[in-house]
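In the numbering used here, the protein residues as written are 24 to 257.
Think of the CB as a built atom: it goes at the ideal place given N, C-alpha and C, for glycine as much as any other residue.
Here the structure is a predicted model, which means the values were calculated and not measured.
Only one structure is covered here, and it is reproduced in the block below.
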Amino acid sequence: MFTRIALLSSVLLVAGGCAGAEYGAELRKRPEPLALDRPENRSLRLPGDTPFTITLKEATEKAELTGTADADATADGDGSGMARAEVSQGGTASSGFQVGHALRNQTSRHMQVEVAARMKLTFEVGDADEDPLPLAGAFATLYARDNQNRTLARHTLLAHQSDVGDASGTEDKTVSFDLLLGPGETANIYVAGNVQINAEEGKSAAGSVTLEGLEMKIQVQPAPGIEATGDAGA
């Protein structure tokens, strides 16, 4: 039996009385999904068979009167992404990326989708004042969501904040999960990385998260025990 996973949670970055919700739970733009148009076994390797089509990035910054703020992000179809933010002497900055792929079931059968993802994540967070509040945070999450913004799967990959001390490192991650897609349904499968800085006047902090070598092996087959339901929608 296959069940949909719906895990709803958020990571709050609180500093100077402000809060920022976890980044990446929704896609700002959706690419044309890869059509699964035959009710038969199929194996895909991304980005080997085709580049990732979800490649979104964004960055914002706002400095205090006496401070500076800087943020930057990248996202590429080869399975890499980067988010970086830095604030000196007060301000806010955030950046993020989303890298992955979209699949649509265009058959009249329910399809079982087995996803195995692996990647390398490098992060760094810290503040100059060893503040007890989390001035800097670096996060990464793997999502599978449909086109109605419902969560099909969610796996936290990285969550570090500066209130527990400066930290940096590199982590190899592997994640596996199953999805059940009905006729006409779409799954957007992607890694979202984010850095958030919120430093009051006179405070400084920085952070970064880098995604390298994202690979997904996707195995598709008709779901056993579920009959065809008719023509699939677009």
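Per DSSP, which residues does Y213 bridge with? Please list them.
-> For the purposes of this step, residue 213 is taken as the residue at position 190 of the sequence shown. In the DSSP output, where bridge partners are listed per residue, Y213 has G123 and Y166.
Between which two residues does the beta strand (DSSP E) harbouring G225 extend?
-> Within the sequence shown, numbered from 1, the residue matching residue 225 stands at position 202. Where G225 is concerned, there is no enclosing beta strand (DSSP E), given that its DSSP letter is neither H nor E.
What are the residues that DSSP puts in a beta bridge with P245?
-> As a working mapping, residue 245 is identified with position 222 in the sequence shown. Partner(s): M134.
With a 10 Å radius around its C-beta and 16 neighbouring C-beta atoms as the bar for buried, classify T83 as buried or exposed.
-> As a working mapping, residue 83 is identified with position 60 in the sequence shown. T83 should be labelled exposed.
Length-filtered (3 minimum) beta strand (DSSP E) runs lying within the segment 182-208 = 190-204
Close beta carbons around D152, own chain, < 6 Å, minus the five adjacent residues each side | In the sequence shown, residue 152 corresponds to position 129, counting from 1. Answer for D152: K226, listed in chain order.
Measure the alpha-carbon distance for I249 versus K80 and round it to whole angstroms.
-> Mapped onto the sequence shown, residue 249 falls at position 226. Mapped onto the sequence shown, residue 80 falls at position 57. The alpha-carbon atoms of I249 and K80 are separated by roughly 39 Å.
How many angstroms separate the CA atom of G90 from the CA atom of D101?
-> Position 67 of the sequence shown holds residue 90. Position 78 of the sequence shown holds residue 101. Taking the straight line from one Cα to the other gives about 36 Å.
Between which two residues does the beta strand (DSSP E) harbouring R65 extend?
-> Within the sequence shown, residue 65 is the residue found at index 42, counting from 1. R65 to L69 is the extent of the beta strand (DSSP E) around R65.
Could you pull out every residue in the same chain whose Cβ sits closer than 8 Å to the Cβ of D201, ignoring the five residues on either side in sequence?
-> Along the sequence shown, one-based indexing puts residue 201 at 178. Closer than 8 Å at Cβ, skipping near neighbours: F25, Q135, V136, E137 and V138.
Quick one: what's got a C-beta closer than 6 Å to I241's C-beta in the same chain, skipping five residues either side?
-> What you label residue 241 is simply residue 218 of the sequence shown in a count that begins at 1. Answer for I241: L67 and V138, listed in chain order.
Closest Cβ-Cβ distance between A98 and chain B: below 8 Å?
-> Within the model displayed, chain B is absent; a lone protein chain is all it includes.
Pick from E208, I220, G207 and T209: whose alpha carbon is nearest that of Q112?
-> Sequence index remark: in the sequence shown, residue 112 carries index 89 (1-based). Taking only the C-alpha atoms, the option nearest Q112 is I220.
If you draw a straight line from the alpha carbon of M239 to that of D99, how long is it in whole angstroms?
-> Walking along the sequence shown from the start, residue 239 turns up at place 216. Walking along the sequence shown from the start, residue 99 turns up at place 76. Our two residues, M239 and D99, have alpha carbons roughly 15 Å apart in a direct line.
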